[in-house]
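Read left to right, the sequence shown gives residues 71 to 662 (my numbering).
A short write-up of the structure that comes next.
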Amino acid sequence: MSDFVHDRLQFEFPGVGSLAMKIDEADMASATDVGRNTGRYVSEAADGRRIVIMNNHQPVAAIIGMADLRRLDALDIPVAGIAAHIPAPEVTLADLDIRPDWIPVGLTRAGHTAHINPLQHLLVAGKGASDMIGPLLAGVVEDGLDTAFVVASEQPVVIAYPEGRLPHVVSLATSLDIANEERVAEQIAGELDARSDLLRRHSVNTIDQYRRFNHDAGIIDHLIVVIDTADSVLGNQHRLSKVVDDIVQRGAALGASVWLFSPTATRHVIDACDAIEQRIALTTRTAIESRGIIGCADAADLTAGQAILQTRPGTLMPITTFIRDDSLPPRPLESIGPPTGWPSIAQPPTIQQVLCLPYESTSTSNRFEAPIGRFEAPIGVIDDPRAHRLVPFSLEFVSGAANLIRAQGPSTPSTQILLDALLASSAQLYTPNELQFRYIGHSPEYRVFSSRELPHVASVHRWGDPTNELNDAITEAIATESGAHTVVIVDDWRPFHAPEYEQETAGLNDVISRVFRMRQNTSPGVHILAICYGGSVPPYSRVLLEKSLHSVYLSGIDPSLADSTTRAILRRLPNNPHHAAVAQRHLVLAAA
């Protein structure tokens with residue numbers, strides 16, 4: 071954006087939030103030009119001109135004269151030597167004064183408690199910033215504020231708090247790999263959008279106004295997003311970085327704030343300072359980092375336990391930070407989970423948990439119920455972080471149709487997990503007289519069938535052996551108008567098109583073709599569950615694709631074999647066999 075001021079062209083460079091810096095075009099010089107004409111630019115700076123050095127169309131440094139430098143140094147004088155006046159005794163939460171709606175952060179040199187406003191943005195920067203998360207959250211617990219926390223950290227957060235009191239953490243990430251970072255970013259973005267929609271529906275501008283005009287409505291907590299190692303998150307097109315910027319811009323209206331913890335003050339962290347007034351400076355690596363955080367160099371001289379608190383611009387206070395209380399047992403921070411928290415996928419759900427989730431096709435009960443005249447079995451949940459929910463996902467066993475499972479290889483653990491979930495949920499929902507499975511694969515001993523009694527598994531066959539018995543069973547199931555609905559599990563589709571299996575598969579190929587010609591409303595009937603390894607389906611098996619209700623891509627498969635949306639999901643999946651992609655969504659397979 072540009073405008074004319076005093077007939078000079080100015081450019082506005084955006085900062086974090088709504089702050090920006092305007093620079094006259096006449097004062098801009100490229101880094102290359104400065105390198106070639108250093109003498110001229112130094113001479114002009116000595117005469118009072120401020121030269122802004124540009125690199126890749128962004129201001130990166132400036133050349134200024136001594137008069138300007140003296141004015142900058144003068145900004146440090148009022149607080150020079152502040153670190154020398156900070157007391158050094160150990161302080162715990164019990165030594166601090168607890169005030170409603172405020173959070174204690176330490177003791178001043180006069181022995182008074184220093185507080186921050188939890189409803190405003192906060193930056194904690196310097197050595198040991200991550201260690202401040204636990205004590206600050208313990209202070210929030212003591213206050214009993216109506217707050218909800220989202221904590222994103224590279225490691226578990228340890229907190230000591232009284233027995234029976236727990237911070238209201240609705241979401242917790244203890245690893246910021248691509249999958250976790252994008253998931254927590256989606257959760258926060260969904261919450262911000264939901265609050266924005268709420269304000270629009272009630273024709274108010276802020277969450278505070280909504281609370282005042284809707285006394286009977288449920289409590290809407292103030293959302294505090296805590297981000298550890300902010301120096302590695304901010305910038306670089308991180309999804310979480312964009313969410314931070316959104317909170318800085320809209321947080322005051324939406325009842326949300328961000329707490330950033332960073333061991334170093336990188337350029338992106340210092341840029342964030344422009345929009346965050348509350349800051350705690352711990353020991354910084356350099357005086358430059360200290361100036362970037364609090365406007366003076368003193369934080370570079372701090373020792374362990376010392377800090378400088380800024381509650382508003384120009385107001386600096388030396389404090390002694392408090393440490394974890396050893397009289398209270400330390401324990402890892404945990405999220406509270408549904409119904410008041412947001413669901414986690416850190417551990418896959420059990421089949422029992424999946425069956426008890428609200429189910430879209432069930433109108434009379436929260437527990438899954440087998441639809442009359444249809445056969446389907448839940449195998450996991452769809453992760454929908456933006457809506458803060460886990461949605462049960464089922465495979466439907468429709469006559470004359472198929473479900474396609476794509477895996478990297480026969481030894482893929484996720485294949486076993488899927489089959490375990492399928493058989494376990496089916497056993498909960500149907501009797502063997504209602505639903506039965508017939509299996510053919512290379513090594514049945516690797517599957518669950520040989521390890522326990524499964525009455526729903528009517529027969530097990532091995533590739534390479536004659537398939538006459540299986541062919542006859544499928545033929546009978548096609549012809550019958552009563553009895554059990556049959557699901558044929560074909561573990562590896564490749565033998566149908568391998569010359570060495572031609573003789574054994576000829577009859578089976580014929581009966582499966584007859585299955586695909588069945589009317590899809592037939593009940594009971596026959597359904598095909600095909601597992602294809604390597605992901606691709608041979609060109610001459612396109613009928614399988616045409617008849618497939620779902621294609622499930624298991625963890626570890628080559629993402630290039632999927633469509634573009636599913637490919638993006640596969641690339642973000644955690645390195646865990648319980649994770650898969652289906653219908654362009656993230657599927658978490660249940661534990662049987």
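By construction, the Cβ of each residue, glycine as well, lies at the ideal position given by its N, Cα and C atoms.
Buried/exposed call for Asp298, threshold 16 Cβ in 10 Å: buried
From Leu599 to Val296, what distance separates their C-alpha atoms? 45 Å
Pairwise C-alpha distance: Leu386 and Gly365: 9 Å
Looking only at DSSP bridge pairs, what is Glu446 linked to? Glu466
Work out the CA separation of Thr635 and Ala477 for me, nearest whole Å. 18 Å
Rounded straight-line distance, which links the Cα of Glu224 to that of Leu310: 13 Å
Would you report the Cα separation of Ala132 and Val112, rounded to the nearest angstrom? Taking the straight line joining both Cα atoms gives about 11 Å.
Residues bridged to His656 by DSSP? Asp453, Ala651
Are the beta-carbon atoms belonging to Ile340 and Ala377 less than 8 Å from one another? One thing to note: Ile340 has its Cβ no nearer than 8 Å to the Cβ of Ala377.
How big is the Cα-Cα spacing for Ser405 and Ala547? 49 Å
The stretch 613–621 in contact with the stretch 463–478 per 3-pair CB rule at 8 Å: yes
Which runs of the alpha helix (DSSP H), 4 residues or longer, sit entirely within the stretch 515–582? 538–549
Return the chain-ordered ranges of every alpha helix (DSSP H) run that is complete within the stretch 325–409 and spans a minimum of 4 residues. 337–343, 357–364
Compare the C-alpha of Glu251 against each of His182, Ala222, Val240, Ala230 and name the closest. Ala222
Go through its chain and collect everything with a Cβ distance to Asp291's Cβ below 6 Å, but skip five positions before and after it. The beta carbon of Asp291 is closer than 6 Å to those of Asp216, Thr217, Ala218 in its chain, skipping five residues each way along the sequence.
Expressed to the nearest angstrom, what Euclidean distance is found between the alpha-carbon atoms of Val658 and Ser630? Straight through space, the alpha carbons of Ser630 and Val658 are spaced by roughly 21 Å.
Hey, Gly325 and Ile289 are a contact pair by Cβ (cut 8 Å); roughly how many whole angstroms apart? The pair is not a contact, with the Cβ atoms about 11 Å apart (cut-off 8 Å).
Nearest by alpha-carbon distance to Val239: which of Arg444, Val254, Asp247, Ile248 is it? Val254
Which complete alpha helix (DSSP H) runs does the stretch 214–292 hold, if anything under 4 residues is left out? 248–271, 277–283
Report the three-state DSSP secondary structure of Ser435 (helix, strand or coil). Per-residue confidence for Ser435 stands at a pLDDT of 49, beneath the threshold of 50, marking its modelled position as unreliable; the derived number appears in the next sentence. Here Ser435 sits in coil by DSSP.
Any idea what DSSP makes of Asp117, helix, strand or coil? coil
From this set, Arg120, Asp94, Ala243, Ile173, which residue's C-alpha is nearest Pro455's C-alpha? Ala243
Relative to the C-alpha of Pro462, which residue among Ala230, Arg655, Leu142 is closest? Ranked by Cα distance from Pro462, the options Ala230, Arg655, Leu142 are led by Arg655.
Could you give the distance in angstroms between the alpha-carbon of Asp315 and the alpha-carbon of Ser241? 19 Å
Under 8 Å between the Cβ atoms of Gly196 and Leu352? Yes; because the gap between Cβ atoms is below 8 Å, this pair is in contact.
Whole angstroms are fine: how far does the CA of Thr354 sit from the CA of Arg106? 35 Å
Put Pro629 into one of helix, strand or coil per three-state DSSP. helix
Can you tell me the Cα-Cα spacing of Glu551 and Thr592, whole angstroms? 9 Å
Using 8 Å as the threshold, is the stretch 381–397 in touch with the stretch 199–211, meaning 3 or more CB pairs across them? yes
Since I believe Ile559 is in contact with Tyr509 (beta carbons under 8 Å), could you give me their beta-carbon distance rounded to a whole number of angstroms? 4 Å
Is it right to say Met124 is buried, meaning 16 or more other beta carbons lie within 10 angstroms of its own, or is it exposed? buried
Relative to the C-alpha of Ile601, which candidate in Ala96, Arg361, Leu488 has its C-alpha closest? Selection Ala96, Arg361, Leu488 evaluated against Ile601 yields Leu488 as nearest (Cα-Cα).
Report buried or exposed for Asp368, applying the criterion of at least 16 other Cβ atoms within 10 angstroms of its Cβ. buried
For Ala554, I'd like the list of residues in its chain whose CB is within less than 7 Å of its CB, leaving aside the five on either flank, ordered along the chain. Leaving aside the five residues that flank Ala554 on each side, the residues in its chain whose CB is nearer than 7 Å to its CB run, in chain order, Pro502, Asn503, Glu504, Leu505, Gln506, Pro594.
With H, G and I counted as helix, E and B as strand and the rest as coil, what does DSSP make of Arg642? helix
For Arg459, which residues does DSSP report across the bridge? Asp454
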